[in-house]
Amino acid sequence: MFSMPPATQALILSCVAVFVLQSLGVDGLAAFALWPWDSGGFLPWQPVTYAFLHGGVSHLVFNMFGLFMFGAELERVWGAKRFLVFYVASVLCAALAQLAVAAWSGSPNPTIGASGGLFGLLAGFAMLFPKRTIVPLIPPIPMPAWLFVVLYGLVELTLGVTGSMSGVAHFAHLGGILGGWLTLRYWRGQIPFGSRR
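Okay, structure coming up:
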C-alpha cells in the first residue's frame, strides 16, 4: 500500500474498514464512540476505540491523509512498536482532554475520529523535524513544521474557547498535541520528566 510501513497501513485500513461498517449501518458501533463519563454511555475501551470511527467521508479522508503523511514518516524513524505507543498515547490524552471539557460544559454528545491522534503525530513530527518545510491544505503556504503546529494549536485553542465550529472536538486536538509532546519529552528524559543533559 504505497510502501507504507506496517503499523501506519494497519491503522488506515482499520479506520476504513470500520467506516464501511458504519456506512452499512452495523448495529452496536455507538458503544465504541467516546461518550461523556456521566452520560451513562461511557465504557472503558472508548478512550481508544473512538479513534477508529468517523463522521463522514471528508472526516475520514482528511485524517487518513494526515496519518499517511506524518505517521509513515514517524514509523520509519521509530519502528512500528514505538510509533503505536506514541499514537495511542496521543489518542488517550486527546480523550482525557475531551472528557474533561465535556464534564465541565455538560455536553451530552459523543466524540469520534482519529484527529486527536493525528494532532499528536503532528507534534511529534514537528519535534523531530522542526525545520522541515510542509505545505498545509489550509492555508497552502510553505512553513516550517514547528510553526505549523504552533499556528494550528493557537487556532484550535481560539476556536475551542470561543465555541466556534461547533461539532469539532478542538480540545481533543489540543489534548493530542499535549500527549505527543509529553510522550516524546518522556522518551528524551526532558522536563517535566527529567532534566536536560
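Going by the working numbering, the first residue of the sequence shown is number 900, and it counts up by one from there.
Think of the CB as a built atom: it goes at the ideal place given N, C-alpha and C, for glycine as much as any other residue.
Residue environment, residue i, which counts as buried when at least 16 other CB atoms sit within 10 Å
i: Val-960; result: exposed
i: Gly-888; result: An answer regarding residue 888 cannot be provided, because it is not within the stretch 900 to 1096 covered by the chain.
i: Ala-988; result: buried
i: Gly-1005; result: exposed
i: Trp-1080; result: buried
i: Met-900; result: Because Met-900 carries a pLDDT of 47, less than 50, the predicted location of this residue cannot be relied on, and no value is offered for it.
i: Trp-1003; result: exposed
Spatially closest choice to residue i from the options, by CA coordinates
i: Ser-922; options: Ala-1071, Ile-1011, Trp-944 and Gly-954; result: Gly-954
i: Phe-918; options: Val-976, Pro-1029, Gly-970 and Gly-1012; result: Gly-1012
i: Gly-927; options: Pro-1029, Leu-952 and Ala-979; result: Leu-952
Proximal residues to residue i (C-beta, below 6 Å), its chain only, five neighbours per side dropped
i: Ser-938; result: Pro-1007
i: Ile-1076; result: Phe-1018, Ala-1022 and Gly-1052
Range covered by the alpha helix (DSSP H) that runs through residue i
i: Ala-909; result: 905-922
i: Trp-1086; result: 1069-1087
i: Thr-948; result: 945-948
i: Met-1026; result: 1014-1027
Residues of its chain near residue i, where Cβ-Cβ distance is below 7 Å and the 5 sequence neighbours each way are ignored
i: Phe-1070; result: Ala-996, Gln-997, Val-1000 and Gly-1059
Sequence-distant residues of its chain with Cβ nearer than 8 Å to residue i (five each side left out)
i: Val-947; result: Val-987, Val-990, Leu-991 and Ala-994
According to DSSP, residues forming a beta bridge with residue i
i: Ile-1011; result: Per DSSP, none; premise fails for Ile-1011.
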